[in-house]
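Structure record follows, encoded as structure tokens.
Numbering (this note's numbering), first residue to last: 45 to 365.
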């Protein structure tokens, strides 16, 4: 049989809920992962709800590839060789909830790529070659909850580019080339709970960077080039549970206000901490749960050099501060 016309679906049953981004019951799922596959399979059942064509040699798709699949909810096309997508590819699948394009070679997408994708909840564009974000991509994605833009070559993010994404809960911008954020980069993301900026080249942050994201619970800023933090930069984040500032060049610390009944998990390892009154008093007052304490060391003053910050706090507390 010609593998490109194989139409034997794998039947899976998943839990049904009424949430708009939840999977449907009795899901019909089609899966292909052959490394030599170079054309998108045809002859799929019109009742197909999920397609996975991944880890193949697929390099192109036709505008008609998804015709006849009006109920499609999930499309997984990761780890192929796609360099471009037809502008109208998604038009036949307006019910699509999940689109995974991770680890292809996409250099750009049409401004109208997602104009018919208003029900999309999960969008993964990690590991492509996109150098800029088009505001038009996000204009119709009002129900998007998870956006992965990691491992690009992004050097900047346009101000307010995410403004339409009023339902977004998770945004991953890690491992790009960002050197700065605009004060309104995160504008519109009122319900965002997780933000990953790990592994960029951020040297500082705008004072109001997180004012648009009061619901943030997890913030990852490790492996950047932060040397200073604006006073009060984390004050809007009353619900923050996890803050990772590891492996930067910080000497002084800013923290969110203490939240009753919640302990902050904090990683500030591998920085250049000045273990004097401001730092010690702050950590004593907020009392976070420090991670990797054996790598969270004082760089100065000389009397505390190479001591663990946690040990110094236990010895001197906020005495004299």
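Quick reminder that beta carbons are idealized off the backbone N, C-alpha and C, glycines included.
In the three-state reduction of the DSSP assignment, residue 352 falls in the strand class, which pools E and B. Shown here, residue 205 sits in coil according to DSSP, grouped into three states, outside any helix or strand.
Rounded to whole angstroms, the separation of the alpha carbons of residue 331 and residue 199 is 36 Å.
Apart from the 5 residues on each side of it in sequence, residue 134 sits with its Cβ closer than 8 Å to the Cβ of 110, 140, 143, 157, 158, 160 and 161 in its chain, given in chain order.
DSSP links residue 166 through a beta bridge to 142 and 190. Linking residue 286 to residue 315 through their CA atoms gives a straight-line distance of about 18 Å. Following the DSSP letters along the chain, one finds residue 342 inside the beta strand (DSSP E) bounded by residues 342-344. Here residue 266 is near residue 242, since their CB atoms are less than 8 Å apart. Per DSSP, reduced to three states, the secondary structure at residue 134 is coil, with no helix or strand assignment. When DSSP states are grouped into helix, strand and coil, residue 317 belongs to the strand group. When the beta-carbon positions are compared, residue 91 and residue 115 come within less than 8 Å of each other. Taken through DSSP and simplified to helix, strand or coil, residue 94 comes out as strand.
For the 8 Å CB-CB criterion, residue 231 and residue 250 do not form a contact.
Distance between residue 220 and residue 292, taken at the CA atoms: about 16 Å. Only buried fits residue 348, as 16 or more other CB atoms lie within 10 angstroms of its CB.
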